[in-house]
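K.L.:
Following this message is one structure expressed as structure tokens.
Residue numbers (the numbering used here): 31 to 282.
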């Protein structure tokens with residue numbers, strides 16, 4: 031419960047602070063950091079945890095494939111949305127882009143965010159049930175990714191004329207769906223422990239898909255050496271944070 035609340039409230043509050051300051055460069059930095067955290071959490075911890083279980087390896091790989099294709103289809107139908115784009119983000123969006131994004135179709139930002147946070151809550155619960163340290167690392171990975179996503183959402187809503195208070199409340203309500211997902215995951219998965227490895231694989235497929243198909247292409251648009259070096263450093267920092275947390279848990 032604490033992890034899901036912190037994942038929601040901390041990411042929203044941090045995103046609100048940065049959005050109100052319009053620190054667009056911070057968005058780019060957070061994207062790079064979240065790539066390192068999400069990939070290392072998936073490939074160094076969640077997937078090994080799942081494959082070291084007694085679950086069928088072929089079934090786990092099939093779940094990984096299904097997860098990757100599933101996230102592709104969700105994004106294709108705009109159910110899963112990871113928008114970091116807004117006017118003034120350096121990607122040459124036309125005037126009126128934000129108003130369009132926050133119009134009738136733009137409310138999918140909030141709907142999709144709520145569904146995504148609900149899923150995050152289930153994944154955090156599954157990770158804690160599998161291993162407490164994996165739960166903390168998974169929550170950290172989700173927070174790192176949510177901050178740049180929420181910044182993009184905040185700025186779109188603000189530039190479209192929605193007040194700061196309303197934008198914060200809307201996003202906070204969406205973020206608290208993670209708590210609902212956490213409760214559902216805890217009580218459902220607690221009775222079917224054999225499903226946890228498959229949920230961890232699904233979580234990993236989501237992290238990998240988001241990092242590789244969404245975040246990394248954004249980073250590739252800034253391909254100069256001056257912009258690439260900080261990206262590499264922050265990716266390495268993200269990996270280092272995950273490894274450091276794991277080491278500390280082992281010590282205790």
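Where a beta carbon is used, it is the ideal one built from N, C-alpha and C, also for glycine.
1. Take the Cβ of residue 200 as the centre, count every other Cβ of all protein chains shown within 10 Å, and call the residue buried at 16 or more, exposed below.
2. For residue 226, I'd like the list of residues in its chain whose CB is within less than 7 Å of its CB, leaving aside the five on either flank, ordered along the chain.
3. Helix, strand or coil for residue 168 per DSSP?
4. Does the separation of the CB atoms of residue 233 and residue 68 fall below 7 Å?
5. If the criterion is Cβ atoms closer than 7 Å, does the pair residue 64 and residue 174 meet it?
6. Going straight from the alpha carbon of residue 1 to that of residue 60, what length do you get?
7. Evaluate contact between the stretch 86-96 and the stretch 194-209, counting only Cβ atoms and requiring at least three cross-stretch pairs below 8 Å.
8. Thinking C-beta only, is residue 268 closer than 7 Å to residue 100?
9. Can you list, in chain order, the residues of its chain with a C-beta nearer than 6 Å to that of residue 216? Leave out the 5 residues immediately preceding and following it.
10. Give the secondary structure of residue 44 by DSSP, where H, G and I count as helix, E and B as strand, and everything else as coil.
11. Which residue from 261, 238, 214 and 255 puts its Cα closest to that of residue 249?
12. Sort 77, 83, 84 and 82 by Cα distance to residue 95 and report the nearest one.
13. Less than 7 Å between the C-beta atoms of residue 264 and residue 62, yes or no?
P.N.:
So, from the listed chains and residues:
1. buried
2. 156, 159, 160 and 219
3. helix
4. no
5. yes
6. Because the chain here runs from 31 to 282, residue 1 falls outside it and cannot be looked at.
7. no
8. no
9. 155
10. helix
11. 261
12. Check the Cα spacing between residue 95 and each of 77, 83, 84 and 82: the tightest is with 77.
13. yes
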